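A.B. asks:
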Amino acid sequence: MNIKEKAIKSFFMENPVTGLLLGLCPTLATTTSAENGIGMGLATTFVLLSSNVVVSLLRNVIPNRVRIPAYIVVIATFVTIVDMSMQATLYQLHKTLGLFIPLIVVNCIILGRAEAFASKNTVWHSFLDGLFMGLGFTFSLFILGSVREILGSGAWLGIRLIPESWNTILVFVLAPGAFLSLGFILIGMERLSRLFERGK
Amino acid sequence: MVEILLPGFILAGFALISASGLYLASKKFYVYEDPRIDEVEALLPGANCGGCGYAGCRALAEHIVNDHTVDTPCPVAEPIVMEKIADLLGLEASVQEKQVATLLCKGTHENSALAMDYRGIQDCWAAVIVADSIKDCAFACLGLGSCVQACNFDAMRIENGIVVIDEEKCTGCGICISHCPKNLLVLRPVSQKTIVTCSNTDRGPEARKACKVACIGCMKCQKVCQHQAIYVEDFLARIDFEKCTNCGDCVEACPTNAIEMRGEQVYVTA
Amino acid sequence: MLQLKTFPKGGIHPSQQKISAQASITYGEIPKQLLIPVNQHIGRTANVVVKKNDVVKRGQLLAQASGFISSNVHAPVDGKVMKVFRFSLLGGAIGEVIQIQPDEPGKSYREVLEQDVELSVDLNKLTAEEIRKRIQEAGIVGMGGAGFPTHVKLSPPPEKKIDALIINGAECEPYITADHRIMVEQPAQIIQGIKILKKLFPEVPVYIGIEDNKPDALNMMDKAAAREEGIFVVPLKAKYPQGGEKQLIKAVLNREVPSKGLPMDVGVIVQNVATVLAIRNVFYHNRPLLERVVTVSGSLVEHPGNILLPIGTPVSYIMDKFNIDRERVRLLLAGGPMMGRTCHSFESPISKTTSALLFFDEKAFVQRQENPCLRCGNCVSVCPMGLDVAIYVQMVQKNKLDDYAKEHIMDCIECGSCTYVCPANRRLVHWMRLGKRIIKREN
Amino acid sequence: MSKQESGFKVISVLVLIAFFAAALLAYVNKITREPIARNMKEETKQAVRIVLQNLGQFDYPDDPLDKSLTEFTARYFTAKNASGQIVGYAIIVKAPNGFGGDFDLMVGIDSTGKVLDTYVLNHKETPGLGDNMKKEDFKKQFRGRSLANTRWAVKKDGGDIDALTAATITSRAFTAGVKRALTVFNVLNEEAKQ
Amino acid sequence: MAELALIIVSAVFVNNVIFSRFLGLCPYFGVSKKLDTAVGMSMAVIFVLTLAGTITYIVQTYVLEPLNIGYLQTIAFILVIASLVQLVEIVMKKVAPALYRALGIFLPLITTNCAILGISILAVQSKFNLLETIIFSFGSALGFGLALVIFASVREALETREIPKTFQGTPIAMIAAGILALAFMGFSGMVK
Amino acid sequence: MEAKNLLIMDSSPLGLAGESTRKIMYSVVLSLLPALGVSFWMFGWAAVRVVVLTSLFCIALEALIAKFFNSKIDYLDGSALVTGILLAMNLPSNAPWWLLLIGSIVAIIIGKQVFGGLGQNIFNPALVARVFLLISFPLQMTSWPVPGQFDGTTGATPLGILKTEGVGAIAKLKTADLALGYVGGSLGEISALALLIGAAYLFYKKYITWEIPVSFIGTVFVFTAIFYWINPQQYASPVFHLFSGGLFLGALYMATDMVTSPISGRAKLIFGFGCGFFTALIRLFGSYPEGVSFAILFMNAFVPLLDRYFPEKKFGMQS
Ligand SMILES: Cc1cc2nc3c(=O)[nH]c(=O)nc-3n(C[C@H](O)[C@H](O)[C@H](O)COP(=O)(O)O)c2cc1C
Ligand SMILES: Cc1cc2nc3c(=O)[nH]c(=O)nc-3n(C[C@H](O)[C@H](O)[C@H](O)COP(=O)(O)O)c2cc1C
Ligand SMILES: Cc1cc2nc3c(=O)[nH]c(=O)nc-3n(C[C@H](O)[C@H](O)[C@H](O)COP(=O)(O)O)c2cc1C
Ligand SMILES: Cc1cc2nc3c(=O)[nH]c(=O)nc-3n(C[C@H](O)[C@H](O)[C@H](O)CO)c2cc1C
Ligand code: SF4
Ligand code: SF4
Ligand code: SF4
Ligand code: SF4
Ligand code: FES
């Protein structure tokens, strides 16, 4: 498959969040800022990538009946590795993302990709799939994080955009704002997808 | 080394307990189910995300097998998966000639005038509640577009008081047919070019009064047809698609233009 | 004052407009031609038993009932069958009609009636079977609007014990005064009819329900009934749709006909006063159902009135008789403004169920643009059936009827109260009717 | 589909995978344990350095000590100068009843009982409101205050502390937290004197 | 007693799984299209979450902590939860087919619902004892159920409204959820 | 179609009672006049400014949407005006213009038009906006001008004082002052009496029914009374709760919004009870001083369920 096409697909049409509506919990919970969004996205990408590769490697060894538990164990292993290494290296970020790092295990995207793709494709393809799906995920987290940070804190990637004395719309860093922003972003992404589809 | 092996053994223990527990349980509590459900489920991603609207992959598999349909695609899986499932269940219908919906009426505003000033809900079914027909012809297309609403493929539009079907877009799904209160829509194979575009079963004079291009049941077409493909019943000509060769003789013979040749004339030699 | 009875839930008070209430029943002439609809009842279509050029006598069978739930149709005058064809009937339907050329057009119908001798009837000799048989033969159908064959109603299955008869003299619709005039002018005859019905259900009390906006009818019926055993006149507080049989039963007896049920499920039979009168004429004149009283009214009618006409009289005859300007008529209603149906041909004939013809110009028609529902609940609070109208209608519009709505939508009696009060001008009844259609189509 | 996999194979594959997974994790844990522990300590140490930075050179133990008073418990670091003299304390207390519950507050106090600086260790206050307590504007008013020279309450409650706008609750908790730290200081100071 | 009541109120309203903790959102949006399904799913979650909370508590206190292998928490919990759910499914299918038909179909969905793992981990982090853990898990699941059932009925009602085309489907669901989250903010601070 | 002398055909009935959406909405505006009058009197031109601006913003936004997206919208039908006025009545008179603009945008767009406009929204638009603003701008939304003083003095609402300073602090407030409006608060919550007069008119016109206000206010009274009875030192008296905050505004005008409340009488009673219960809960135990808006918004979400499980009583269900 053409890499560019694949990239566009996983960023828009088949974007895990806006296209497939999966992995919503980390999406909404960790996107109080663009930076957090990227952090979560990359952590997920790493797990997605590694587990895709390992699942693809093991795809002929694992008996069908236990494939789900087996995949879960594989995924959980990588999640724990991410968890520990982030704590060792990116301590502050790890603290903000908190509970949602271990919860990558149950992020539906990961198991879904392991099942739908990696268990049936070559290692290289699974690697690419993991990479792009992960980046697509990161992308939407980044967008959502940006919107919420700009509206809610008046800053972007930590850089203050409006004067200190101005008010920011606090809701956007809180729970309701997460849902509302995602609602509107979904529409934007849908529009973009259609644009790309027509462009093809 | 111990600090590495010990966790290994512990988790292996966990795995052993749960795996053998499940294994035994699945033996002991075995329940028969259509084995194809398992097969379909195996093809599905197993992400159990619920994205398809069913409660997990198995529920979708049950739906597919029990209702024998692949109408609900899995949002996670590649499209090929659904094809595979269709193959597995032999759902692929054998290749058939394309069918298109066809309106058996030519009662445009010119041909069959409006008989009233209908102001109710603009829907064919709503209109027949108020009056059997809103045009002079009791059998005419009402032109309020219940069928248009029903078509999922944007293949219909209303033009000059009757519905016009875009045969390119029409998929022959047939949904529109049951949505017409006047029963004016039928499916016909695209290669069938000759159509009686009338459904009026009144006697000739009344039919004529109601619509300029009505079939008056004069029998001329029946007489002229060499293939016994057209016959008049209840003062209305009808074509047997099996027998019709699209020769066009009846079209020539009809005094009221109630028979129509669609597109290029194609002669089929018997 | 005694609290007058009425049904408790819902209902409205539309402007009465009973402008023809004091106009005595007049008689028409035999028109130049009659169009007798073959189907004037609920049930199976009757079979036409005459053909072109047949000579028919007054009272002769034209169409024969095709089963139990079906009804005979007779020739109202002497004449010749011209043809049988399909034609627009009052109310928008298209159906078969028998065209008759009368032998004596222009003859006063009163004279025709006066030829019918008044027979003396010995109630004691009549058996129940005979009564039912003669009503059936006479082609009597409910004249209150629905046209349900009366002999069917009067033959409840044995497990349904009937313990009350209600005579419906409510006439709650605006404009219509036909039943009102009958009650004022022919109370004794109505009582005679009731007594025939009582033979079918001996010992069963009969209640005549009349709204308090017709004091003269109440008075006359009261007097006529006073001498009779077991016949009671029940004055009712005027409220629309009191005449709906379920509402009437609730008002008079405080019984609720169950959802999807029939009056006989609560031991009641309801008959309209005109129907009772028609039944009486079967026995006292040996006359099948040939004519009825029609109220002619509306803003274009200078002298509104009530007129007795042979069935099959075309609207155009009435327009001539009442001097109605054809050019100005834009709205022709068969029945009242709440439940009546619009008509689109002046040649359509009146039938056994035509209680009124109303003529209006453009002004009477409220051009309504449907606005979004406010969920104000007006429709729900006036619905006499307690339906959640607004909610069902939204479902119908989106084609998302759920089981609950499907269960109840069928109970709508199409009384029109909901549309009447909707501030958003929503065509609620029309949507409800559409909903019923959709459900029927699905089954 | 190979439907008839033997029970033994099914179970053993899973067990093996689990074994290797856990072993791998144990290995990673072994590598990361040190840095994580260091990170955790480092954070507190960083805080200690911040709240006591005005003291100049000082020295303090790696791990905090516990101190229980009747109403609450605290942890503290004792800062000593090169000559081993106590120059200040970094006291960790729970600030009670914040908007999002109790939160951990570190207060640096010099040997005379004056507040040097404060540091919020972790909290659940609202971003943009309660968490403005971390800002200099708010923090600076505490410097130099002692148990004696201040009425420890927000102005609204008749004290000396300017509350954060629209976050009185957080301000109250914060104030109470600093007051607790000062109380602990008093006890520690007494003990040290003895 | 009051403690336990507070845990419930907190889990249902104040720290609602959906609106405050952001857990289990995928099924929340996936299974809320129909009310009946939402009710079934809620029941299933209540059952499984309570059970899972209990078992993971046992695993944590009697295995992981004594052996000092807390880092295996994620992997051990998920393994236990996944097997547990499957075991329940198998047993229920045989023993109580009626119940299985009502609830069982939701069981597979639950494995990947992060509320289960999330709440189990949170219970451990909050240092609850066994009884508190059970109440906490049950309350959280109840909160999930409440949110899910209301939301499903709202979405069903939206089906009959004139939603502009652009917003139909998920966008309007998100916005409705956002407004519901606004309403839930009212409970904040009720329990610390 | 040219249909000059064709007869009109339509479904019955052909008569209409002559109610209209506009009539209802403008009656609501009319009924709000006494309360508006009181707030103009108390807060002066500042209050006029707030009301005029939100009304203009709301109508203008709807007009814009009508122009660019959906020509079917009738932006002068009065509903946008009602939303605007009711939003204003939920705001302090010193609210800056941008706050009013954001509030109007949230009310009209997020609260109403994304759902399809009039009648289609599940949640009360004015309350969506109010809660949105309350959460986003707690600073502006919790400093209330003191009535009768036009010098920009601000203070807390009685409920705010209760929440932050406890029962003792409110002892000096007189019930009569509360009912007449001599206490701090938003435009609409200061005079219960004026609101009652307006609502009586709506009640007379049958645009609102008794169920919601009575069960709402009654429930708040009962619950606060129970706690007052348990411990008057800690909880304020039920009378105080009745006349402070937006209880009357909420119960009479906002919970009764026909679009976002249930239809049948039984359902309305339950709806009102729910509103009252959660209001009391939030007031007594929550960290927000006032719970009316949250409670109504929360109960709005229950309306579809209530409509479904407590429908109108059907004819024919008497056995
Ligand atoms: C299919 C059908 C069967 C009926 N059967 C009976 C019956 O057995 N007994 C009876 O009293 N009425 C029967 N009715 C008549 C109804 O009770 C009612 O009188 C009729 O539908 C007209 O009602 P309306 O004029 O109130 O609309 C039946 C009606 C229908 C449509
Ligand atoms: C809304 C409504 C109003 C009605 N009003 C009357 C009425 O005023 N008078 C009447 O006789 N029948 C009225 N009917 C018809 C009665 O329900 C019932 O069909 C009739 O009284 C039965 O008697 P019949 O079979 O003799 O016509 C009305 C029906 C409906 C649905
Ligand atoms: C979303 C939201 C979050 C809030 N967070 C805090 C907070 O973190 N700390 C706080 O003290 N008050 C917070 N408040 C404000 C309180 O509810 C209360 O209004 C305030 O503390 C008392 O106000 P005052 O300072 O204006 O007297 C918050 C309010 C809202 C709307
Ligand atoms: C009695 C009554 C109360 C109303 N209350 C409100 C309200 O609280 N908030 C609001 O935005 N609109 C209110 N409206 C106006 C209108 O119903 C509202 O804008 C719709 O919710 C918009 O679809 C009210 C209307 C009426 C008739
Ligand atoms: S509904 Fe189906 S058959 Fe009818 S026109 Fe559309 S595509 Fe063709
Ligand atoms: S074909 Fe039938 S449904 Fe379609 S517009 Fe004509 S009458 Fe209506
Ligand atoms: S729903 Fe039917 S029964 Fe109810 S008021 Fe409307 S027309 Fe009458
Ligand atoms: S009367 Fe009209 S606006 Fe009111 S609820 Fe019924 S349909 Fe809606
Ligand atoms: S990410 Fe939480 S349920 Fe899907």
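Chains Y, B, S, F, W and G supply the protein sequences, listed in that same order. Count along the first sequence from 1, then add 19; that gives the number in my numbering. Going by my numbering, the residue at position 126 of the second sequence is 115; the numbering climbs one at a time, nothing skipped. Count along the third sequence from 1, then add 4; that gives the number in my numbering. Count along the fourth sequence from 1, then add 3; that gives the number in my numbering. Count along the fifth sequence from 1, then add 1261; that gives the number in my numbering. Count along the sixth sequence from 1, then add 10; that gives the number in my numbering. Yeah, the Cβ is synthetic: ideal placement off N, Cα and C, and Gly gets one too. Just so it is clear, the structure is predicted and the values come from calculations on it, not from any experiment.
Would DSSP call glutamate 249(B) helix, strand or coil?
C.D. replies: Glutamate 249(B) falls in the strand class under three-state DSSP.
A.B. asks: Listed from N- to C-terminal order along the chain, which residues in the segment 88 to 104 of chain S have their beta-carbon within a distance smaller than 7 angstroms of any beta-carbon of chain B?
C.D. replies: Cβ contacts with chain B come from Phe89, Arg90, Gly96, Ala97 and Ile98.
A.B. asks: Tell me where the beta strand (DSSP E) around methionine 109(F) begins and ends.
C.D. replies: Its beta strand (DSSP E) spans residues 104 to 113.
A.B. asks: Can you round the beta-carbon distance between leucine 313(S) and valine 298(S) to whole angstroms, since I take them to be within the 8 angstroms contact cut?
C.D. replies: About 6 angstroms; that satisfies the 8 angstroms criterion.
A.B. asks: Please decide whether aspartate 191(B) counts as near chain S, where near means a Cβ-Cβ distance under 8 angstroms.
C.D. replies: Yes, aspartate 191(B) lies at the interface with chain S (some Cβ there is under 8 angstroms from its Cβ).
A.B. asks: Under 8 angstroms between the Cβ atoms of leucine 174(B) and alanine 90(B)?
C.D. replies: Yes, the pair counts as a contact, with Cβ atoms nearer than the cut-off.
A.B. asks: When we look at the beta-carbon of glutamine 44(S) and count the other beta-carbons within 10 Å, is it buried (16 or more) or exposed?
C.D. replies: Classification of glutamine 44(S): buried, given that the 10 Å Cβ count is 16 or more.
A.B. asks: Taking C-alpha atoms, which residue in Leu32(B), Ile154(B), Lys198(B) and Pro194(B) lies nearest to arginine 177(B)?
C.D. replies: Selected option, being the one with the closest Cα: Ile154(B).
A.B. asks: Find the residues of chain W that neighbour alanine 24(F), judging by a C-beta separation of less than 8 angstroms, and give them in chain order.
C.D. replies: In chain order: Ile1336.
A.B. asks: When every heavy atom of ligand 2 is checked, does at least one fall within less than 7 angstroms of the C-beta of alanine 168(S)?
C.D. replies: Result no, Cβ not under 7 angstroms from ligand 2.
A.B. asks: Measuring only the C-alpha atoms, how far is leucine 65(S) from glutamate 118(S)?
C.D. replies: For leucine 65(S) and glutamate 118(S), the distance between alpha carbons rounds to 21 angstroms.
A.B. asks: Going by alpha carbons, who is nearest to cysteine 176(S) out of Phe89(S), Val156(S), Pro219(S) and Pro245(S)?
C.D. replies: For the residues Phe89(S), Val156(S), Pro219(S) and Pro245(S), the minimum Cα distance to cysteine 176(S) belongs to Pro245(S).
A.B. asks: Give the interface partners of aspartate 392(S) over in chain G, defined as CB-CB distance under 8 angstroms, in chain order.
C.D. replies: Result: Ile273, Ser274, Asp317, Pro321 and Glu322.
A.B. asks: At the level of alpha carbons, what is the spacing between threonine 160(B) and alanine 144(B)?
C.D. replies: Roughly 8 angstroms between the two C-alpha positions.
A.B. asks: So, helix, strand or coil for leucine 225(B), using DSSP?
C.D. replies: Strand.
A.B. asks: Near alanine 305(G), which residues of its chain fall below 7 angstroms by C-beta distance, leaving aside the five closest residues on each side in sequence?
C.D. replies: Closer than 7 angstroms at Cβ, skipping near neighbours: Cys285, Phe288, Thr289 and Ile292.
A.B. asks: Mind listing the chain S neighbours of aspartate 112(B)? Cutoff is C-beta to C-beta under 8 angstroms, in chain order.
C.D. replies: Within chain S, the residues near aspartate 112(B) are Leu438.
A.B. asks: Can you tell which of Ile73(S), Asp324(S), Asn51(S) and Arg62(S) has its C-alpha closest to the C-alpha of valine 101(S)?
C.D. replies: Closest option to valine 101(S), Cα to Cα, is Asn51(S).
A.B. asks: So, at 7 angstroms on beta carbons, what are the nonlocal neighbours of leucine 42(G) in its own chain, with the 5 sequence-adjacent residues on each side left out?
C.D. replies: The answer, listed in chain order, is Ile95 and Gly208.
A.B. asks: List, in chain order, every chain B residue whose beta-carbon is nearer than 9 angstroms to that of alanine 29(F).
C.D. replies: Near alanine 29(F) (Cβ distances below 9 angstroms), the residues of chain B are Glu(-8), Ile(-7), Leu(-6), Leu(-5), Pro(-4) and Gly(-3).
A.B. asks: Please classify valine 257(B): does DSSP put it in a helix, a strand, or coil?
C.D. replies: At valine 257(B), the pLDDT of 43 sits below 50, so the modelled position is not reliable; the number obtained from the coordinates is stated separately. Valine 257(B): coil per DSSP, three-state reduction.
A.B. asks: For chain B, check one thing: does any of its Cβ atoms lie closer than 8 angstroms to the Cβ of histidine 434(S)?
C.D. replies: It does; some Cβ of chain B falls within 8 angstroms.
A.B. asks: Starting from the beta carbon of serine 122(B), find every residue of chain S whose beta carbon is closer than 7 angstroms, and list them in chain order.
C.D. replies: The answer, in chain order, is Ile98.
A.B. asks: Could you check if valine 221(B) belongs to the surroundings of ligand 7, using beta carbon to heavy atom distance under 7 angstroms?
C.D. replies: Not under cutoff, so the answer is no.
A.B. asks: Taking its Cβ as the centre, do 16 or more other Cβ atoms sit within 10 Å of tyrosine 319(G), making it buried, or is it exposed?
C.D. replies: Classification of tyrosine 319(G): exposed, given that the 10 Å Cβ count is below 16.
A.B. asks: Taking the alpha carbon of alanine 151(F) as the point to measure from, which residue in Lys159(F), Val181(F) and Leu132(F) has its own alpha carbon closest?
C.D. replies: Of the candidates Lys159(F), Val181(F) and Leu132(F), the one whose C-alpha sits nearest the C-alpha of alanine 151(F) is Val181(F).
A.B. asks: Take the Cβ of lysine 250(S) as the centre, count every other Cβ of all protein chains shown within 10 Å, and call the residue buried at 16 or more, exposed below.
C.D. replies: Burial call: buried.
A.B. asks: With DSSP as the reference, label arginine 183(F) as helix, strand or coil.
C.D. replies: If DSSP states are grouped into helix, strand and coil, arginine 183(F) belongs with the helices.
A.B. asks: Alpha carbons only, please: which of Pro80(S), Gln68(S) and Asp220(S) is nearest the one belonging to arginine 62(S)?
C.D. replies: Residue Pro80(S) is the option with its Cα nearest to arginine 62(S).
A.B. asks: Taking only runs of the alpha helix (DSSP H) that begin and end inside the segment 71 to 134 of chain Y, which ones reach a length of at least 4 residues, in chain order?
C.D. replies: Here the runs fully enclosed are 86 to 108 and 110 to 116.
A.B. asks: Could you tell me which whole beta strand (DSSP E) segments of length 3 or greater appear in the segment 42 to 114 of chain B?
C.D. replies: Taking only runs of at least 3 residues, the beta strand (DSSP E) segments lying wholly in the segment 42 to 114 of chain B are 88 to 92.
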